[in-house]
Every structure is written in C-alpha cells, then in structure tokens.
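**Student:** Sharing a structure with you now.
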Amino acid sequence: MSILTYIAGWPLLAALLLVLVPRNYRVIIRAIAVLATLISAVLAVKMFAQFVPGANGFQFEQQIPWVESLGISYHVGVDGLNVGLILMGAIVAFAAALCSWEIQTREKEFYILLLVMTGGILGAFASLDVFFFYFLHELALVPTFIMIGVWGRGEKKNYATFQITLYLSIGALIALIGLIALYLKSGANTFDIPKIIEHAKANPLSVNAQNFIFPLLLFGFGILVSLWPFHSWAPLGYGVAPSPTAMLHAGVLKKFGLYGLIRIALPLLPQAAQSWAHVIAWLCVGNILYVGWVAMRQKDLNLLIGNSSVAHMGFIFLGIASLNLIGVTGAILIMVAHGFLAALTFALSGYIYKQTGTLQISELGGLCRKLPFIGTALLMAAMAGCGLPGFANFFGEATVFFGAWTTFPAVTVIALWGALVIGGIYMTRAIRNILHGPLPEKWASLADATNAWRKLPYALLLASLLLFGFVPKLLTEKINPDARKIVALATVENKTGVVIATRSSGRESAPNLLAENQRRLASVATK
Amino acid sequence: MNSSLIMLEISVIGLGLVLMLADLFVPAERRRFIGYAAIVALGVLLVTSLSGNGSCGQFDTAFGGMFVNDALSLFFKQLFIVAAILVLFMAAEFSDKLAEGSVAEYYSLILFALAGMLFAASSNDFTMLFVSIELITITFYVLVSFQRGKIQSLEAGVKYLILGALSSAFMVFGIALIWGTTGELNFTRLAAVAPQFADSQIFLLGVLLVLVGLGFKIAAFPFQIWAPDVYQGAPTPTTAFLAIGSKAAGFVLLLRVLFTAVPGVTAHWANLLIVISAITILYGNLCAIPQRNLKRLLGYSSIAHAGYLLLGVAALSASGQSALMYYLAGYVFTVMAAFFVITLVMRHLATEDISGLAGLNQRSPLLAATLTLAMVSLAGIPPLAGFFGKFLLLKAVIEAAQTSHNHGYYCLAFTALAGVIISLYYYFGVIRAIYWSKSPEDVSPIVLSSPAKFSIGACLAGMLWIGVFPNTVLNLTNLAAAALGK
C-alpha cells in the first residue's frame, strides 16, 4: 500500500471510528481527531522527505482497478506538482484539528465532518484518476456546507451558507461536465490521467473540442477558486465559517481547482489554454486589483482576510496563464504558501473572535498588549500576506511576476501594484487598528494562548511559512522537473512568446536544474 | 412452447394464494408471521433465480414470442423480488395500522403486484404489456386505498383509479392504432415491419399514446399529477412499492417498447424525450422545495428521479440504458431505506410532517443515520449509490451529445445539474430537521424489532455496496442493455 493511501485513509478511518464513540466522551473524540491528523501530517512529512526530485514518472504509486468497463481505477501517486500540496494539506489539517477547541457544541459531528473533509482533500490531491479526483473533492466539499450552516457564526449565516453551497455546487458540476466531456473526447477509454496524457500525445484533441471543454474546466474550477467575477461567495462564506473549516477550505480545498487546471487542463487542452490565457490573465486583474480594492474598504477582519485570500488567487491564475516554466512553478509555490498563510490568518482571527466576540476592526485595538503571542503571529501573517521577503509567499509571487512579465507585461505591472501597494495598505492598516493604539477597557480581561497545545498550530504554520520562505529550494527542486513537463505539453505548437526551450525528460540531476533555474530567473529579472 | 419459463411467476402467484388461504387458519395475533413466511419464500425464489438453473436463467421465448426471458428481464426480476422482500418487511412493521384481520390480504396483494411486475419484465408483446400493467395497476388501486378508515387513503385510491383508468384507456387506444396499422402486436415482429409505417401518422399516434400510458406509470411530466397526492395518502409500504416497483415496471416496458418494438421511431424522438426528461426534473425538484409532508416531498422527489432516469432513455444508447438500470438498482435501496424510517418513526404520530423528525438522532441514532444516508444518496453525494448513478447518466447524455451533435443533450445535462443543485436544498432540509431542530418533549427511544433492524441494515448495505463497489451491478446492467440492443 502506498504511503499516500495512509495519508488520506487515516482521517477517513478515524471518522468511521468516531461514529462509534458516544458523544459525551469529548476528550476521546478530540484526541482521536488530533491523532489521526497528526499521523497524516507525519506521514506527509516523511513522504516529502523521501521524494526524489526529478525522478521519472510518479512516486509512491498505487493502482487498484475499480470499474474496469469504464477504465476507472483507484490510482494515487505524487510528482512535483502535488507533493507540496499534500504536505501543506496534511499540516493544515492537523492545525485545523488543534484549533477546533473553539467548537463547543455537537463536537462529535463536527470532528467527523472535519476528518471526512481532510481525507477527501488529501485523497483528491493524491489521485491520478479523474473520477476519484472529482469524487474525493466532492466528498470534502459537502461537509464544508454543513459545517458552515451549523457551526457558522453571525447573522448572515443562512445567507452565506446558501450562497456558498450554490456557487460551489454549480462550479463543481460544471467542472464535472467538462471532465466527462474530456474523458469521452480523449478516446482513451480510461479515467487514468497519465494514460490519457500519453494517449493525447499521439492523438491530440481537436481544437474545436478543446475550445468547448476548456471554458467548462476554467469556469467550473474557477468558481471553486473564486476567480473574479465568481468570487463573491468567498469572503462572506469565510466570514461566517467556523475557523477550522475556513482554514481547511481557504487553505487547502480551494487549491483543488487550480491543481485541476494545471494537472488536467494544461497538458490535455494546450491550444485552448493558449488561446484562453489572455482571458485568464485579465480576469486575474479583477482578482488582484478589484478584490484588493474591496479588501481595503472592509471593516470586519474576517471579511478583510477573505477578500485578501481571493486577491491572492489572482497571482496563481496569473502564473498559470503565463504558460511558462517560471510562471507555473511560481503558481504552485504560491498555492503551497497561501495554504499555510490562509490557514494561519483564519486560525488567528478565530482566536480573536473567540476571545472578544467581535471582529469589527473599529471595536478592536491595542490587542498586542494583552495577546503578545497571537498579536505577533498576526503581524507576521499580515507581513507574509503583503509579500515580505522571508516568507514563502514572497518567493512565489516574485517568481510568478518574473514568469508573467514575458507574456503579459501590462497585467504584471497592474498585479505588482495590487500586491505591493494595495496589499500593503490594507494589511498595515488592519494591523495598526487591531494590535496597536489604546486598549479599550472592555478587552482588559483577554487571555493569550499560553498553553503549548494552543500555541502549536500557529507556531507550526508560521514555521512552515518561514521554512519555505528561507529554503524555497525544498519546493522548487521538486516542482521544477514536473512543471517543465506540463509546460512542454501546454506549449505544443506555439512557442512564440515563450523563451524557455522545452525539454522532454526530467532526468537531469536536481542541483543542475536548480542552478539553471536560478540563472534563468536572474536573467529574466535583469531584463 | 416452453411453459417452464414462467415457473417463477406461477410460484409467486401460488404463494399469494397460499397466503390468502393461510389467513383462514392462522390466529389473528400471529398473522404478522405470515409476512415473514412470504419473505422466506421470496428469498428462496430470489436465490434460485440468481443461481442460473431457475426459470429466469433460461434465456428463451415462450407463448409464441409473447414472453421473453433474457438478461434484461433477469435483472429486473431480481430487482422486483428484492423490492418486494423489503416491502413485505415494511408491511410487517406497518401491520398494526391496517384494518383488523386484513394483513394477510395486504401481503398477498403485494405478491400479486409483484407477479404483474415479473410479467412486465418479460413482456415482448403489446397484449402482455397491457395485461401486466393492468395486473399491477388494479392491485395498486386496492393497495393504495387499503386503510379504509382513513379518508386520505380513500381519496388517494380514487384519484389513482380515475387517472389510472384514463391512462389505461389511452394505452389501449394506442395499442389498437398500432395493431390497426401494422397488424402486429409482437415487439420483435413489429420492429421488422415498423419502418414501412414510419410515415403513417396513425401509427405514430398509436406509439405516442402507448408512451402516454407508460409516462403515467413512471410519473413523468405531464402525467405526474397523481403522484404527490397518492404518495401522501397511501399506506407507507404501498407508497414505497409504488415508488420502486411500479416505476421500475414502467421503465422496463418503456425500454422494451422504445428500443425493441419501435427503434426506428425512437431515433427520431430524441428531442421529445429530452424535453420530457428536462421538464420532469425541473418540475419535481422545484415543487419539492415548499413541501412539509415527508411522503409528499418524496413524491415530488420521485418525479424528479423519473426525470433523471429518463436521461438514460433519452441518450438512446446502450450506456444510457445501462446507467438507467444501475440507477434503479441504487434507487431501490435508497428509497426503501427512506420509507422504512418513515414507517417506523411516523407510526406513532398523527402527522407525517418533517417536524416529526425532530430529535430523531436522540430517539434512534440508527434511524437518523439511515434517513440521512438515504437523503444524501438521493441528492447524489459520494460515496453512495446515487452519486455514481448520476455520474453514469450524465456521462451517457454527454456521450450522446458528442456522437449525435444534438446540442439539446448539453442543455439536458445542464438542466439535470440544475435539478441536482435545487434538490440539495430540500434533502438537506430533512437532514437538518433530524439533527438540528429543537428537540421535542418526547425523546423516548424508538424500539426496533429485529426484522426491522435486519432490513434497514440490508438497505444500508445495498446503498453503500452499490455506490462503493459498482462493478458487479454494472456488469449485470451492461449485459441487460446488450440484450436490449439485440
């Protein structure tokens, strides 16, 4: 059995186990949930460490036929594209389980849903079969709605639940139609992604078919990732969601759509991807600039974070739209970095909400005096959010800008504005109003996270951000060879405007690749 | 002529007669056990029919081609017997609400309806089709109005009788027109001569009228009007059997007529089927939203599911037919589970309102979980049977769109998705009522008899097994669809 099966399987197994535990055994329920996610996280770290960068094909592969007549099989495996995502997902899930102490009612159901969601997401990222890829995502998506609808907070709970359910179900089902159409058009008679790609190399899909399927995938997945103008569910949904749900959804589950675009749409629908690239690039401007603008006007911390998380998605779309090695590598880097960041910020805002009962920025102030640990973590998260060097986000965003400059210079200029100026304004303003200034009387009794268990999730997420911020090589050396393959497939028959020579094999040793990549980065930067 | 082919049907009718006679000798307080005896007997019949040596395992025709045994009839017969077994379990739990001393009659009527369904699965002739439909429908008139003391039950019976008789009249008229123009009643022989009459308006009108009659059985738009009232008024086991058995019988006859008897006509009617399917899906789902009565809600949901099942017919392909049958197999266990919970929970309540479910998770966690899973499966959420079934149906429709270049199929696929999204609202409404409504004062645990536990377990296992390991059922449905294409 592949280690990936265990990573996704333990949370699902624990969910089944929890069904049998009586509901008044609160400590045991919590312990099982935390333990299962911890095992997943440890296994994910082990898998990440054992991953051989640039090895040919997939690693830790496992395949079990499921429905032969349709060519569906349970097939998991990792390459550079998803290895970081699985690590990030498992760590965020562990942090989310730790942060779930804030849930006080109906804990049993909450933990069951949380574990199902975790198993579903991790399984979806590990899947190399289109059917299971979708199936496991759907398995993770439905608990989100229930968690927001039941444990959500605030007056707008019902409206937000309604909206998020509607948007995400529509998005997922549009993507489903796209995936089924792709399966049928490919003619490979299998749902196995590597096999479909192999088959498409010899028999590429007709341009007409590509132009029909690509928009379905782009907008279906796009709605799931809050691509402008389909983003309005996100800030409100995250605003009312209980923080563990927001952490898992904004951090991990949302990346599913982006991952799907990179894993499935780019290599199989190259011509359509090339002709749609400029559309994606201009829609990103909506994400980065417009939603950034909206974020500046927010008076509620969660809505601000939610909008800023939507704005960050724009950078990832820009990286994908650039369709070159640097851009796609950067996109995956941000996906990982933003996962940690979104989880961290929602966890922190959840802590503040639990303590104060409000997230209205105008009512808060001077909190750093009473909450030194939480305050510092929030400050660091805000800095990471506006792209300060040292955090993983900086490296990803910079890489995306280098990649996108060659194809979309105008969009890159606007995006830089959004990233540096707008992001800087709303983040620093929020920090000043929440953490500094006079402390209102009513907050004199706030308590900081003192217990090591309470501090652990924040510390873990911050450490991950810093680790990948200082040593991005850990990720880039793994992403690079496989991103190169994807880009080579995505730029078939159209090499104009892309400076990178494509190479078919990724067998070169990792240090060489890295050095080469850095050289290329430097040369683009000096241009 | 090979009359050994109808041994299964003869045994079922014989069993029904034996139950009626047993009623005379068994004391009143033991009559519940007559049902268990019938269940055991049906179980034996199911095993023999599965084993391949039984009568349905011999693939042949009898009575001059009127009666056919093939992979399709085998699949549907197994489905009907499983459904009947589960309904009998349900009837045993329901028996205390039926009129004194009439339980055995109720059991034997279920068996007669089952016999009609078994004949429907094998009919290869319009005479046989009509006789089997009438056997089912007339038995159901009685089953629906069985609670003589209850005004709603009688009202439902009368409604079903009037509309059922009307649709039968349409169907007979249609059969007469077909026979009048072509001189053939046998499906296989009709298929050979039908192309000559492709331009005959009277022949086409005849086929259309037969479809009207079948549309009534499956509750497809615009013949769905009876379903909610009858579902609500009928005794719950009858409703369950109506939702599964009667609907599945309608679909097997629809498949036979459309793809064996008049395939040439069907090929031109793709757009008609697309429109009917799309409207049925939207009508069922939209009307289900405001419902508060649980059985009425399931009535509308069953209309919506008739629409989903019609996707497989409209696709006009073997993969569509196979998807339809797979979906029906999952639907049997799902709907049975839902009605079982309704039977057990609502037994002691005067109302069938959704609010009656409040506090169910404290009163009986098993029933709460069962109803939740049934709703989740009906809504089409993984990993239950409903998800993979809808996936297969959608795949068949998109396949049809790509091979036929008829853009109507894409519209149909999007309509089906819209239906799925709408349905999330009311299915989750039921789940919400179970877990998150204010607890009522009465939180006394619901005691389940062991047969009830067993049959609920069987429904749950069926839902999960078909959803998680679709291979076995899918192989059967592929064979059945292949038999239809011959």
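Those protein sequence lines, which keep their order, are chains A and B.
Heads up: the first sequence is residues 657 to 1183, going by our numbering.
Heads up: the second sequence is residues 7 to 492, going by our numbering.
Glycine included, every Cβ here is placed at the ideal spot set by N, Cα and C.
Keep in mind the model is a prediction, meaning the values are calculated, not measured.
What three-state label does DSSP hand R1159 (chain A) in the structure shown?
**Tutor:** Counting from one through the first sequence, the residue named residue 1159 (chain A) turns up at place 503. Residue confidence is low: R1159 (chain A) scores 42 on pLDDT, short of 50, so the model does not pin down where it sits. Its coordinate-derived value is still stated next. In this structure, R1159 (chain A) counts as coil in the three-state DSSP scheme.
**Student:** Can you tell me whether T985 (chain A) is helix, strand or coil according to DSSP?
**Tutor:** Sequence index remark: in the first sequence, residue 985 (chain A) carries index 329 (1-based). Looking at T985 (chain A) - three-state DSSP - the assignment turns out to be helix.
**Student:** Can you tell me where the beta strand (DSSP E) with I720 (chain A) in it begins and where it stops?
**Tutor:** As a first step, residue 720 (chain A) is located in the first sequence; it is residue number 64 there, counting from the start. Per DSSP, the unbroken beta strand (DSSP E) holding I720 (chain A) starts and ends at 715 to 723.
**Student:** Any beta carbon from chain B within less than 9 Å of Y633 (chain A)'s own beta carbon?
**Tutor:** The structure shown has nothing for residue 633 (chain A), since chain A only spans 657 to 1183.
**Student:** In the structure shown, what three-state DSSP assignment does I452 (chain B) receive?
**Tutor:** Taking the first residue of the second sequence as 1, we reach residue 452 (chain B) at position 446. Coil, per DSSP.
**Student:** Does N863 (chain A) come within less than 9 Å of chain B when only Cβ atoms are used?
**Tutor:** Counted from its first residue, the first sequence places residue 863 (chain A) at position 207. Per the sequence shown, the amino acid found at residue 863 (chain A) is Val instead of Asn. Taking Cβ atoms only, chain B never reaches closer than 9 Å to V863 (chain A), which makes this a no.
**Student:** Tell me, please, whether the CB atom of F787 (chain A) is closer than 9 Å to any CB atom in chain B?
**Tutor:** Numbered from its first residue, the first sequence carries residue 787 (chain A) at position 131. Yes, F787 (chain A) lies at the interface with chain B (some Cβ there is under 9 Å from its Cβ).
**Student:** Can you list, in chain order, the residues of its chain with a C-beta nearer than 6 Å to that of L959 (chain A)? Leave out the 5 residues immediately preceding and following it.
**Tutor:** On the first sequence, position 303 is the one that residue 959 (chain A) refers to. Correct list, in chain order: P891, G895.
**Student:** In terms of alpha-carbon separation, which member of A:G736, A:L737, A:I720 lies closest to Y730 (chain A)?
**Tutor:** Within the first sequence, the letter at position 74 stands for residue 730 (chain A). When each option's Cα is compared against that of Y730 (chain A), the closest is A:I720.
**Student:** Report the neighbours of A489 (chain B) on chain A: residues whose CB is nearer than 7 Å to its CB, in chain order.
**Tutor:** Numbered from its first residue, the second sequence carries residue 489 (chain B) at position 483. Within 7 Å Cβ-Cβ: nothing; A489 (chain B) doesn't reach chain A, min ~16 Å.
**Student:** Confirm, please, whether the CB-CB distance from A343 (chain B) to C465 (chain B) is below 9 Å.
**Tutor:** On the second sequence, residue 465 (chain B) is found 459 positions in, with the first residue counted as 1. On the second sequence, residue 343 (chain B) is found 337 positions in, with the first residue counted as 1. Yes, Cβ-Cβ distance for C465 (chain B) and A343 (chain B) is below 9 Å.
**Student:** Quick one: which residues of the segment 408 to 427 of chain B get their C-beta closer than 7 Å to a C-beta of chain A? List them in chain order.
**Tutor:** Result list: Q408, A419, L423, V426, I427.
**Student:** When you compare the CB of A171 (chain B) with every CB in chain A, is at least one pair closer than 9 Å?
**Tutor:** Start at 1 with the first residue of the second sequence, and residue 171 (chain B) comes out as number 165. In terms of beta-carbon proximity, A171 (chain B) stays away from the interface with chain A, with every pair separated by 9 Å or more.
**Student:** To the nearest angstrom, how far is the alpha carbon of A1054 (chain A) from that of V338 (chain B)?
**Tutor:** For the purposes of this step, residue 1054 (chain A) is identified with residue 398 of the first sequence, where counting begins at 1. For the purposes of this step, residue 338 (chain B) is identified with residue 332 of the second sequence, where counting begins at 1. Straight-line Cα distance between these residues: approximately 56 Å.
**Student:** Enumerate in chain order the residues of its own chain whose CB-to-CB distance from I1156 (chain A) is below 6 Å, with the five nearest sequence positions on each side excluded.
**Tutor:** As a first step, residue 1156 (chain A) must be located in the first sequence, where it is residue number 500. Residue placement at I1156 (chain A) cannot be trusted, given a pLDDT of 43 that sits under 50; what the coordinates show is reported in the next sentence. So the qualifying residues of the chain are N980, L981.
**Student:** In this structure, what does DSSP give as the bridge partners for L67 (chain B)?
**Tutor:** By one-based count along the second sequence, residue 67 (chain B) stands at place 61. Inspection of the sequence shows that residue 67 (chain B) is occupied by Thr rather than by Leu. When DSSP reads this structure, T67 (chain B) sits in a beta bridge with B:V74.
**Student:** Using the beta-carbon count (16 or more within 10 Å), is L484 (chain B) buried or exposed?
**Tutor:** For the purposes of this step, residue 484 (chain B) is taken as residue 478 along the second sequence, with counting starting at 1. Per the sequence shown, the amino acid found at residue 484 (chain B) is Asn instead of Leu. Buried, since its Cβ has 16 or more Cβ neighbours within 10 Å.
**Student:** Taking Cβ positions, are T1084 (chain A) and C1042 (chain A) nearer each other than 9 Å?
**Tutor:** Numbered from 1 along the first sequence, position 428 holds the residue referred to as residue 1084 (chain A). Numbered from 1 along the first sequence, position 386 holds the residue referred to as residue 1042 (chain A). Contact flag set, yes.
**Student:** Is it a yes or a no for the segment 1109 to 1126 of chain A touching the segment 763 to 782 of chain A, going by three-plus beta-carbon pairs under 8 Å?
**Tutor:** no
**Student:** Relative to the alpha-carbon of F222 (chain B), which residue among B:A249, B:A364, B:E15, B:F265 has its alpha-carbon at the smallest distance?
**Tutor:** For the purposes of this step, residue 222 (chain B) is taken as residue 216 along the second sequence, with counting starting at 1. Measuring from the Cα of F222 (chain B), the nearest candidate turns out to be B:A249.
**Student:** Note down, in chain order, all residues in the segment 787 to 815 of chain A with a beta-carbon under 7 Å from any beta-carbon belonging to chain B.
**Tutor:** Residues of the segment 787 to 815 of chain A with a C-beta atom less than 7 Å from some C-beta of chain B are F791, E794, L795, V798, V806, listed in chain order.
**Student:** Flag this pair as yes or no: are the beta carbons of A906 (chain A) and I869 (chain A) separated by less than 9 Å?
**Tutor:** Working through the first sequence from its first residue, we reach residue 906 (chain A) at position 250. Working through the first sequence from its first residue, we reach residue 869 (chain A) at position 213. Contact: no.
**Student:** Are the segment 922 to 934 of chain A and the segment 865 to 881 of chain A touching, with three or more C-beta to C-beta distances below 8 Å?
**Tutor:** yes
**Student:** For the alpha helix (DSSP H) holding S520 (chain B), just list the boundary residues, first then last.
**Tutor:** An answer regarding residue 520 (chain B) cannot be provided, because it is not within the stretch 7 to 492 covered by chain B.
**Student:** Hey, is I826 (chain A)'s beta-carbon within less than 9 Å of any beta-carbon in chain B?
**Tutor:** Here residue 826 (chain A) refers to the residue found at position 170 when the first sequence is read from its first residue. Chain B contact via Cβ: present.
**Student:** As a quick exercise: from A:I1017, A:M903, A:M657, pick the residue whose alpha carbon is nearest that of M803 (chain A).
**Tutor:** As a first step, residue 803 (chain A) is located in the first sequence; it is residue number 147 there, counting from the start. Among A:I1017, A:M903, A:M657, the Cα nearest to that of M803 (chain A) belongs to A:M903.
**Student:** Take the Cβ of L27 (chain B) as the centre, count every other Cβ of all protein chains shown within 10 Å, and call the residue buried at 16 or more, exposed below.
**Tutor:** Counting from one through the second sequence, the residue named residue 27 (chain B) turns up at place 21. Counting Cβ neighbours within 10 Å, L27 (chain B) comes out exposed, since fewer than 16 surround it.
**Student:** Round the Cβ separation of N963 (chain A) and V947 (chain A) to the nearest angstrom and send it over; I've been treating them as touching at under 8 Å.
**Tutor:** By 1-based counting over the first sequence, the position of residue 963 (chain A) is 307. By 1-based counting over the first sequence, the position of residue 947 (chain A) is 291. About 5 Å; that satisfies the 8 Å criterion.
**Student:** Would you identify the three-state DSSP class for I295 (chain B), choosing helix, strand or coil?
**Tutor:** Indexing the second sequence from 1 puts residue 295 (chain B) at position 289. The answer is coil: DSSP assigns I295 (chain B) none of H, G, I, E or B.
**Student:** Give the interface partners of V723 (chain A) over in chain B, defined as CB-CB distance under 8 Å, in chain order.
**Tutor:** The residue you call residue 723 (chain A) lines up with position 67 of the first sequence. Residues of chain B passing the Cβ test: P476, N477, L480.
**Student:** Could you give the distance in angstroms between the alpha-carbon of G834 (chain A) and the alpha-carbon of Y42 (chain B)?
**Tutor:** Within the first sequence, residue 834 (chain A) is the residue found at index 178, counting from 1. Within the second sequence, residue 42 (chain B) is the residue found at index 36, counting from 1. G834 (chain A) and Y42 (chain B) have their alpha carbons spaced roughly 49 Å apart.
**Student:** Given that a residue counts as buried once 16 or more other Cβ atoms are within 10 Å of its Cβ, and exposed if not, what is S138 (chain B)?
**Tutor:** Position 132 of the second sequence, counted from the start, is the residue given in the question as residue 138 (chain B). Buried, because 16 or more other Cβ atoms sit within 10 Å of the Cβ of S138 (chain B).
**Student:** Suppose you measure from the CA of A1075 (chain A) to the CA of M352 (chain B); what does that come to, to the nearest Å?
**Tutor:** In the first sequence, the residue the question calls residue 1075 (chain A) occupies position 419. In the second sequence, the residue the question calls residue 352 (chain B) occupies position 346. In a straight line, the C-alpha of A1075 (chain A) is about 59 Å away from that of M352 (chain B).
**Student:** Do we get a CB-CB distance below 9 Å when we pair E765 (chain A) with the residues of chain B?
**Tutor:** Along the first sequence, one-based indexing puts residue 765 (chain A) at 109. Taking Cβ atoms only, chain B reaches closer than 9 Å to E765 (chain A), which makes this a yes.
**Student:** When you compare only the Cα positions, how much space is there between G1046 (chain A) and K1141 (chain A)?
**Tutor:** On the first sequence, residue 1046 (chain A) is found 390 positions in, with the first residue counted as 1. On the first sequence, residue 1141 (chain A) is found 485 positions in, with the first residue counted as 1. Answer to the nearest angstrom: the Cα atoms are 29 Å apart.
**Student:** Could you tell me which uninterrupted alpha helix (DSSP H) segments, each at least 4 residues in length, are contained entirely in the segment 9 to 37 of chain B, listed from first to last along the chain?
**Tutor:** 13 to 31
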